[in-house]
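Here is the structure we will look at, set down as structure tokens.
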Amino acid sequence: MRNEFSRAGRSMSRGGTGTILAAMLVVMLMPGGRALAQEKKMETRPAPDSLYSRMGGYDVIAEVVTDFVMQLGQDKAFERFGGGRSHNSLVKTKQLVTDQICNLTGGPCDYIGRDMKTAHAGLAITDAEWDAAIKHFEISLDKFKVKEREKRDFIAMLQKLKGDIVEKGKDYPTKGEAPKAQN
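Count along the sequence shown from 1, add 2, and you get the number used in the working numbering.
Laid out in structure tokens, this is it:
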């Protein structure tokens, strides 16, 4: 009986392996589902007149975002936003911001992060902090020689997000303060 199982196992193993390899080959060659979506994504090119293309594409956007995030990290006024976060968490945030801006400018990126209202709820971002962040973006855009028209369009694009990021009428404690009593 043992010999029959051994022989059957060997022949099944050879036949099974061939069947599995054939199935894998069919699946790999047959367009469908995710593979088809990826092919379509790769075929989609940003419009030449998109802000993404006019700025210089992904590399310029990634450089601008990296520089912007570095500036915020060095600005004491923004210390409360980055404190206590791991390096990995900061890298992920930078990637999400890059993907979002790439998408908003008409590039081929998919943004998988949260909407801006949810992502910034409870941070008590003020108008002054918003304005300072915009200045940091302008410095980064200048550093990477983004042309004036594209810079204006980029800042105008960001300004559309302000209503979901800046919280009006919230009274949050600043770093080191005790929470204020609620009425």
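Quick reminder that beta carbons are idealized off the backbone N, C-alpha and C, glycines included.
What you are looking at is a predicted structure, and each value in this text was computed from that prediction instead of being measured.
Out of curiosity, what's the CA-to-CA distance linking residue i and residue j?
i      : j      : result
GLY58  : THR107 : 11 angstroms
ARG47  : GLY109 : 8 angstroms
TRP132 : ALA79  : 11 angstroms
PHE146 : VAL66  : 7 angstroms
ARG56  : PRO50  : 7 angstroms
LEU160 : MET118 : 11 angstroms
LYS149 : SER88  : 34 angstroms
LYS164 : ASP129 : 9 angstroms
ALA121 : ASP69  : 21 angstroms
GLY124 : ASN105 : 25 angstroms
ARG116 : ASP144 : 28 angstroms
Determine the contact status of residue i and residue j, defining contact as a CB-CB distance below 8 angstroms.
i      : j      : result
ILE114 : GLU169 : no
LYS94  : VAL71  : no
Taking the alpha helix (DSSP H) that residue i belongs to, which residues open and close that run?
i      : result
CYS104 : 89-106
LYS162 : Run containing LYS162: none; DSSP gives neither H nor E here.
Kindly list the residues whose CB is nearer than 8 angstroms to the CB of residue i, restricted to its own chain and excluding five residues on each side of it in sequence; keep chain order.
i     : result
GLN73 : HIS138, ILE141, SER142
ASP77 : ALA134, HIS138
Whose C-beta lies closer than 7 angstroms to the C-beta of residue i among residues of the same chain, with five residues either side of it excluded?
i      : result
ILE103 : ILE63, VAL67
ILE136 : ILE157, LEU160
THR100 : ILE63, ALA64, VAL67
In its own chain, which residues sit with a C-beta less than 6 angstroms from the C-beta of residue i, not counting the 5 before and 5 after it?
i     : result
THR52 : Per the sequence shown, the amino acid found at residue 52 is Ser instead of Thr. Excluding positions up to five away in sequence, the list reads GLY108.
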